[in-house]
Structure formats: C-alpha cells, structure tokens
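Undergrad: The structure that follows is given in the form of structure tokens.
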Amino acid sequence: MRDLEFAVSSVTESDVIHASKSDLPRIFRVTTSQIDTPVDAAHNHQGGSEPAISKQYSLLMADNPGEKAKWVIALNELHRLLRKSRLADKRAFGVKELFDISTLPIIKSALCAVVIDKQRVVLGTVDHGLVCVELERELLTPVGGEKENKRPVERVEYDPDEQLLIVIAGKEKVVRLIPTAALDGRDLRWIKIPETKGCHAIALGPGGLTNPASHYFCVAIKKTVLVYMIDRSDRRHRKVRELAMPGHPQTMEIFRGKLCVGYPSGFRVWDLSDNAQNALVNFEDSSLQFLNQSLHDAQLIIDVSGYEQREFLLVFSKLGIYVDAQGRRCRSQELMFPSSPISGFSYLSPYLCVYAECHIDVFNVHSAEWVQTVNLKKAKPLTKDGLLSMCFISELPYIVLLSDVLSDEDPIRVPSAGPLASSTSQLKPMQPKRRRKFSIRNFKDDEKTARAGDRRSQLPISTPSDFIHITHMGPGEGIEFQKLIDLKTSPQSTSSHPGIGPATKMKQLMGPMMRSSSSSSANVHSVQNASGTSASAAQLTAQLQGNLKDIQRTRPLSAHSKSSEGSSLGRDGKMALQNTSSSSSEQGHYLEPNQSSPQRHPAAPPGTNTPPNRRGGTPQGPKSQMV
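Position one of the sequence shown corresponds to residue 1 (UniProt numbering), numbered consecutively onward.
Put into structure tokens, the structure is as follows:
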C-alpha cells in the first residue's frame, strides 16, 4: 500500500474481456507501479526529464458482489489512513527499464550478467555465449571466437583490479578466464582450467590483511572447493589448496581473505592464509537446534558488521538468522519471508532481495525490516547483487535496473527513450518510446576498415599551392621529384647575388613591406638616388608592376589609410616619396620593400621636390633605412 500508484477500484467489461458477465460484479482491480521509463527532456513539454511509469494491474474476484464491495471499501479506507499517518518513506529501489525483447532479442536466453562500467554490460546467454553490450553506442560485441559464442555461459564474475572475467561455460561447466581486452571483439584465447570440469559455483574476492594485493577465486566441485590465486603469469592463475566440505556447497563468498561456504543447514569459514576454519552455526546454542532436525538449503551469507566481521546474516530458503563470529545467535529476531523464494536471493548493501513468483521482497539487513515490495512477475537476478534482473511484463522478457532511490547516480547510465511522436505534441504517460536498435560489431570488419584507412593515409597528398620553396634538405634533387613550383621567384635578385643565404633569399622572395614606427627616427626615408642606367630602371619598374599584386597581398596596410594611396607604391606601381615629421603626433608611416643589400633605383623625375631633412639640407641620396 505504500506504493505511490496504489489504487483499488471496480472493473468494466473492457478491463476484463475474458470474464463472463455474471462474474463481472464480483471482480475488482488493484493498481500498482511497475517500471519507470526515463524520457528524454527534449521531448518533454514541461522541460523536465520525468519518467513515464508503467502500471501493473491485479484482478481479484470475491465470492459475491457484496464481498467485493466490502474489500474495495476496506482497502481504500486502509490506504487513506496510511497516507494520513505520513509514515516515513523507506523505499529502497526504483525500477528502470534497460532492455526489452524488441530492443535486444537475445535477452530471452540470458542466464547471467555483470556490469563492466557505466557504458558496458556483459551478458551470458544460452545460445550466444558471452556478449558485451555498449549502451550509448548501441553495439553488440560477441566475446571470443565462433566456438566460444556457441557455448552457454551459466555464471560470470568480473575482477576490475586484475582486468579478468571468470565464467562457467560449456555443457561440461568448466571455468575459463577471459581478459577484458576480448570485450572489443578480438579473438583472444580463453584460459581453460581442465580440473574444474563439472563445477556448480564460483566465488571471487580479495586477500586479507596479510596479502591485500592478491586476489582469489574458488570453484566448487561436488563436495570439494578448489582455491586459486590470480597472478600475472601466462595462465593467470595458480592453485593454492583444495578443501573438503562437510556437505554439498550451495553458496560461497570471499570476505577479506576468508572463504565462507554454505551447505545444507550450515555455514563454515576458512582463512585462506593459514587454512584455519570456524563453523558459523554452533549447535551448542539450543535456539539453533531446529536447523539440525530438518534440512534447510543455504542461500546466502551476508557480513552485516562490515570490516570487523562480528555479525553475519545466514540466509536459508525459509528464514534468515543473525549469528556472531562463533556461530551463536546474536539477535532474537529473524527474517521470515512472506513468499517462497522461487528465483533466489541477492544482496545489494544494505538490502536483501527475495525473488518470489509475482514480486520482490526487500529487507533492510541492519534493521531487519521489510521495507518494500517491488511488483515484478517472474523476476530473477542476473547479477550477484541483483542490480540487473530479468522479469516478465505482459509475458515478454525485460531486463531492468534496480536503482537506489537515495543515490544521486546509477551504476549504469540508462539511455533516455524519447517518444515516437513529434516534439510539438504533448507527452503522455504511456506514449510510445523510441525504439532502439543494437548493431552487431565484428572485429574483423574493424580491422579491414583500419587497414583501408592506413592505406589512404599513405597516399600522396595534392600539390600545394601558394608556397615559397626556400631550400631542399636531404639527398637528391627534391624539386624534380616533388614538382614544386615557386610562385614568387625573382630571377634578377637570385642571379645577381649567387652567394645569398637561404634566410636572405626568403626575405627577398617574400618581399614584406616593413613599416617605420620609431618616433625618434631622425632620418628621412626615401628612395636611394644613384646613378643607374635607364635599362635597369625600366627593368625594376616592370618587376615592381609584375609583382604588385603579390606585394599588396603580403604587406600590411598603413596605420592611417585603408587604401593603397598611403603606401610607398602609387596606383601606377612606382615608388612614391613620403615625408616623415619629427613630431610624434604627425608621424608619416609608409611601407617600403625590404632589401637585404643596397640596390640602385632610378633617380627622382625632374620637377619633384626633394623633401628637406631635419637640418634643413637636401639629402644627397641617403640609403633606404630598414626597421
């Protein structure tokens, strides 16, 4: 009744189309919540990311219409009193949909699962072996080769510190070790442990205080448990010891270097470092004698006290008992299960989940309270902690996530499922969600694509444009092989100065126009007036006219003019004379070619007024100053 969607009401003909009309007055309906489907905020007209909740309907039939009316009134009144009392909300989990049969058809044969990280989940199936599911990328990656993909995987464990998967695979139920590098589709060798043939249970955990860096895994075969240590050798394991059990091992756990084994009507602990053992069911305690009178299947052992290991919860098929480290009862209260646990147990601290036929009962092991009932039919845990569980809704399989209501973030990033309708329409609670499709990833195709990409990267690139070849470095004549074309060559300057170095040659070919920005300059910048032939003047003028576009493209503009009139070149391509004032507020900025060596320029045409220098004299052909 603490369910947020709980309601009791009568039914109509459309609600029970399979019932006869005579039975209709005796039937009533109980409504509860079921699965929260995250909806993308982009499709929510209210701007939030509110979940769409699917509901479960349970139909009940009374003996007569009067009895039905009494039940409806009584349940509604009891629910009203419960809401009025405002009891504390002790819900542990919310149920979120992860996969359905239309999204991932292989879930119908799923036997086990393990969470690798927030994006990846590994499923063990009957027909497809081990499959890695990437949620965000919507990819399915078969783990192993063709032989491994045909073997059923009954159990899988993951060691993140050792980057290793431990599975029970094949019809012979042999333990195999798989490196996590195989999750991307590479056909890596699975390490088979032949002596584990016929095993039925495995356990994985770290070492104790004496050897905290070591990791162990144990394998149960009939009445024997084999203990292995994970190492960095080629086989990745080393057998430590072999333990004889007093009964058939039904459940195993490793707590900080101690192996806890449950067998019918009993539990026992072994220290993996010194092989010391201790019974957790002490029959000297008279309150525990009933366990010795009839067989109770051992299901789970929980370390309630945590690191100190002073209190344990021994979970049997019908009840749970609190004992201390010596095996004596430490609490008078017991956990009694309201329904038979058909599909087993799981423990996600601090909650114990009991999987019944039509629901999951949740208990807080610290307070020994029954805190929640999750309405999922035919549910069974896929992971040891029950984080991923399989259930059936409308007779179709689903894989759901038990999300802690007090946690800010889920261990798995559940993709949002936006509705199929357009974003302009309003969101309805049961609007169809976006159908996800998972594509199968093939590592061989990825290798072919990578090789094709490498070949494309080795192809020659296209010929460069608008470049300047400074010099060739390396053996041979690089220009002939590379077919480089100089766009800004100057035949006269290169031929007249054969000894010019590469740096000087670069300055000549690029031809940047330098600007005098010094306010303390006392020289007047002008074109050098020297004796020269008319042929050289004409040749220089033609060269300047030919390279005018290149010069205008490469030089910076004047600081005071956006047009070409403020530069040292006029519209006709000839050099213009500029005056520079000594005043800092009236400086005349101009641009001129950068020359590495003094060259002869034509004299100023007749009638041109030569600007005076600071001393009032006329310059006698001063050299062009570069800044």
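Note that the Cβ used here is the ideal one computed from N, Cα and C, for glycine as well. Computed from a prediction, not measured in an experiment: that's the story for all the values here.
(1) Rounding to the nearest angstrom, what Cα-Cα distance links Val354 and Val400 in this structure?
(2) Using 8 angstroms as the threshold, is the region 304-321 in touch with the region 330-344, meaning 3 or more CB pairs across them?
(3) To the nearest angstrom, how far is it from the Cα of Pro249 to the Cα of Gly66?
(4) When DSSP labels each residue in this structure, what does Arg120 get in the three-state scheme?
(5) Give the range of the alpha helix (DSSP H) segment to which Val153 is assigned.
(6) Taking Cβ positions, are Ile193 and Val167 nearer each other than 8 angstroms?
(7) Please name the residue in Leu288, Lys222, Phe93 whose C-alpha comes closest to that of Tyr263.
(8) Can you tell me the Cα-Cα spacing of Asp40 and Asp408, whole angstroms?
(9) Could you check which residue in Ile35, Val225, Lys84, Lys384 has the C-alpha nearest to that of Arg2?
(10) Let me confirm a value: Gly170 is counted as buried when at least 16 other C-beta atoms fall within 10 Å, else exposed. Which label applies?
(11) If you draw a straight line from the alpha carbon of Asp285 to that of Ser346, how long is it in whole angstroms?
(12) Where do the N-terminal and C-terminal ends of the beta strand (DSSP E) with Gly266 fall, by residue?
(13) Classify Gly257 as helix, strand or coil using the three-state DSSP reduction.
(14) What residue from Arg91, Gly327, Leu288, Ala62 has the CA that sits closest to Val371's CA?
(15) Excluding sequence positions up to five away, which residues of its chain have a Cβ less than 7 angstroms from the Cβ of Asn149?
(16) Report the partner residues of Ala113 according to the DSSP bridge assignment.
(17) Contact defined as beta carbons within less than 8 angstroms: I believe Leu439 pairs with Leu104. What is the distance between those atoms, to the nearest angstrom?
(18) Would Arg441 pass as a contact of Glu136 if the rule is Cβ separation under 8 angstroms?
(19) Less than 6 angstroms between C-beta atoms, sequence neighbours within five positions excluded: which residues of the same chain meet that for Ser58?
(20) Please say whether Gly327 and Val374 have beta carbons closer to each other than 8 angstroms?
(21) Tell me whether the beta-carbon of Lys378 lies closer than 8 angstroms to the beta-carbon of Glu357.
(22) State the Cα-Cα distance for the pair Glu154 and Leu4, rounded to the nearest angstrom.
(23) Nearest to Leu60 by alpha carbon, out of Ile35, Glu77, Ala19, Phe93?
(24) So which of Gln333, Asp324, Ile301 has the shortest CA-CA distance to Pro350?
(25) Helix, strand or coil for Val72 per DSSP?
(26) Could you check the C-alpha separation between Leu226 and Leu243 for me, to the nearest Å?
(27) Just the Cα atoms here: how many angstroms apart are Asp297 and Ser265?
(28) Return the residue from the list Ser389, Pro411, Ser403, Pro160 that minimises the CA-CA distance to Asp100.
(29) Tell me which same chain residues have a C-beta within less than 8 angstroms of the C-beta of Arg120, skipping the five on either side of it?
(30) Using the rule of at least 16 other Cβ atoms within 10 Å of the residue's Cβ for burial, across every protein chain shown, is Leu177 buried or exposed?
(31) With DSSP as the reference, identify every bridge partner of Met390, one or two as the case may be.
(32) Does the CB of Gly66 have a neighbour CB from chain B at under 8 angstroms?
(33) Measure the CB-CB distance between Arg26 and Asn76 and report whether it falls below 8 angstroms.
(34) Report the option in Ile116, Ile106, Lys118 whose CA atom is closest to the CA atom of Val126.
(35) Rounded to a whole number of angstroms, what is the C-alpha to C-alpha distance between Gln277 and Met252?
TA: Reading off the structure:
(1) Going by the C-alpha atoms only, they are around 16 angstroms apart.
(2) Touching, yes, given that three or more Cβ pairs across the two stretches are closer than 8 angstroms.
(3) When rounded, the distance between both Cα atoms is 53 angstroms.
(4) Annotated three-state conformation of Arg120 is strand, per DSSP.
(5) Bounds of any alpha helix (DSSP H) do not take in Val153; it lies within the beta strand (DSSP E) bounded by 153-159.
(6) Contact flag unset, no.
(7) Of all alpha-carbon atoms in Leu288, Lys222, Phe93, the one lying nearest the alpha-carbon of Tyr263 is that of Lys222.
(8) Annotation note: pLDDT 49 at Asp40 (below 50); position unreliable, no value reported.
(9) Shortest Cα-Cα distance from Arg2 to any of Ile35, Val225, Lys84, Lys384 involves Lys84.
(10) It is buried - the Cβ of Gly170 has at least 16 other Cβ atoms within 10 Å.
(11) One C-alpha to the other measures close to 28 angstroms.
(12) Residues 266-271.
(13) Coil.
(14) Per the C-alpha coordinates, the member of Arg91, Gly327, Leu288, Ala62 positioned closest to Val371 is Arg91.
(15) The beta carbon of Asn149 is closer than 7 angstroms to those of His128, Gly129, Pro142 in its chain, skipping five residues each way along the sequence.
(16) Per DSSP, Leu123.
(17) Note that residue 439 is Ser in the sequence shown here, rather than Leu. Contact between Ser439 and Leu104 does not hold, since their C-beta atoms are separated by about 12 angstroms, which reaches or exceeds 8 angstroms.
(18) Taking C-beta atoms as the reference points, Arg441 and Glu136 fail to come closer than 8 angstroms.
(19) Same-chain partners within the cutoff: Val30.
(20) Not closer than 8 angstroms, so no.
(21) Their beta carbons are under 8 angstroms apart, which means Lys378 touches Glu357 by this criterion.
(22) Going from the Cα of Glu154 to the Cα of Leu4 covers about 37 angstroms.
(23) Looking at the Cα atoms, Ala19 is the closest of the given residues.
(24) Among Gln333, Asp324, Ile301, the Cα nearest to that of Pro350 is on Ile301.
(25) Of the three classes helix, strand and coil, the one that applies to Val72 here is helix, per DSSP.
(26) Rounded to whole angstroms, Leu226 to Leu243 spans 6 angstroms at the Cα level.
(27) Their Cα atoms are separated by approximately 6 angstroms.
(28) Its Cα nearest to that of Asp100, the residue Ser389 stands out among Ser389, Pro411, Ser403, Pro160.
(29) Excluding residues within five positions, the ones whose Cβ falls inside 8 angstroms are Cys132, Val133, Glu134, Leu135, Leu183.
(30) Within a 10 Å sphere around the beta-carbon of Leu177 sit 16 or more other beta-carbons, which makes this residue buried.
(31) Looking at the DSSP assignment, Met390 forms a beta bridge with Lys380, Ile399.
(32) Annotation note: the requested chain B is absent from the structure, which comprises a single protein chain.
(33) Contact flag unset, no.
(34) Of the candidates Ile116, Ile106, Lys118, Ile106 places its Cα closest to the Cα of Val126.
(35) It is roughly 14 angstroms from the alpha-carbon of Gln277 to the alpha-carbon of Met252.
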